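J.:
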Amino acid sequence: MAPGPIETPEKQEADTVAPKKISKGVVLGPDGKPVASLLALSGKMPKSTRTATATTTTTTASLPSDCPPDVEALGRSSWTLLHSITATYPTNPTPQLQTETKSFLSTFGKLYPCWVCAEDFQTWMAKNTPRVSSRSEFGTWMCEAHNAVNEKLGKETFDCAKWEERWRTGWKDGRCDI
2 MAPGPIETPE KQEADTVAPK KISKGVVLGP DGKPVASLLA LSGKMPKSTR
52 TATATTTTTT ASLPSDCPPD VEALGRSSWT LLHSITATYP TNPTPQLQTE
102 TKSFLSTFGK LYPCWVCAED FQTWMAKNTP RVSSRSEFGT WMCEAHNAVN
152 EKLGKETFDC AKWEERWRTG WKDGRCDI
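Mapping of the sequence shown onto this note's numbering: residues 2 to 179, in sequence order.
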């Protein structure tokens with residue numbers, strides 16, 4: 002399967018339409034209409050604020066568990082899946098598994114339900130070919146991919162030297178021990 006975006010008539014038509022002003026967090030499909038399953042509720046539901054002595058924490062209200070995920074929940078779940086895959090990836094994968102992993106990532110980038118996110122991931126992968134020759138290399142590559150998204154969203158980046166501690170072995174302070 003050759004990497005690249007999936008071309009559809011709807012996408013081609015959407016490219017010729019002038020952009021409209023949309024609410025923060027709303028994801029538009031290739032047809033230019035909001036995707037109901039990816040409507041972020043950050044601007045539509047009240048926020049709860051809890052104040053501690055030294056810090057203030059603001060959280061966004063979440064959807065009931067039986068609703069389709071918004072784009073933020075989808076992103077969190079997707080990164081958890083992808084990082085978990087890297088954490089269980091073999092230290093010395095076979096050439097066949099390396100090929101299959103690259104194919105999976107290419108397909109994932111085409112089928113991802115947030116089409117803007119999917120296109121961004123495909124573009125990033127075109128410049129940063131997946132490194133899948135070992136668990137260490139793959140985990141670092143995945144961390145770099147996640148950091149690229151975080152930078153674009155204005156979020157903090159993660160120290161990629163600690164990816165295994167976060168996703169595979171657990172923190173050294175023991176908080177993940179059973």
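Every residue gets a Cβ at the ideal spot worked out from N, C-alpha and C, and that includes glycine. Please read all numbers here as calculations on a predicted model, not as lab measurements.
Buried or exposed: where does Trp172 fall if 16 or more other Cβ atoms within 10 Å of its Cβ makes it buried?
T.: Classification for Trp172: exposed.
J.: One question on the structure: do Thr81 and Arg136 come within less than 9 Å of each other, judged by their Cβ atoms?
T.: Going by C-beta atoms, Thr81 is not nearer than 9 Å to Arg136.
J.: Kindly indicate which residue of Val133, Ala74 and Asp67 has the alpha-carbon position closest to the one of Gln99.
T.: If we check each option's Cα against that of Gln99, Val133 comes out closest.
J.: If you draw a straight line from the C-alpha of Gln97 to the C-alpha of Lys103, how long is it?
T.: If you take the alpha carbons of Gln97 and Lys103, they lie about 10 Å apart.
J.: CB Ala146 to CB Trp164, shorter than 9 Å?
T.: No.
J.: What does the alpha-carbon distance come out to for the pair Tyr113 and Glu101?
T.: Each residue's Cα considered, the two are about 18 Å apart.
J.: Determine the extent of the alpha helix (DSSP H) in which Trp125 is found, giving its start and end residues.
T.: Residues Trp116 to Lys128.
J.: Is it buried or exposed for Cys68, if we count other Cβ within 10 angstroms and need 16 for buried?
T.: Its Cβ having fewer than 16 others within 10 Å, Cys68 is exposed.
J.: Distance, Cα to Cα, Glu152 vs Ala162?
T.: In a straight line, the C-alpha of Glu152 is about 17 Å away from that of Ala162.
J.: Look at Phe122 and Gly140 and say whether their C-beta atoms are less than 9 Å apart.
T.: Cβ distance not < 9 Å, so Phe122 and Gly140 don't count as in contact.
J.: Once DSSP output is grouped into helix, strand and coil, what is the label at Ser134?
T.: In this structure, Ser134 counts as coil in the three-state DSSP scheme.
J.: At what residues does the alpha helix (DSSP H) containing Ala74 begin and finish?
T.: Val72 to Thr89 is the span of the alpha helix (DSSP H), which, as asked, contains Ala74.
J.: For Ala74, tell me which candidate among Thr87, Cys115 and Thr89 has the shortest Cα-Cα distance.
T.: Per the Cα distances, Cys115.
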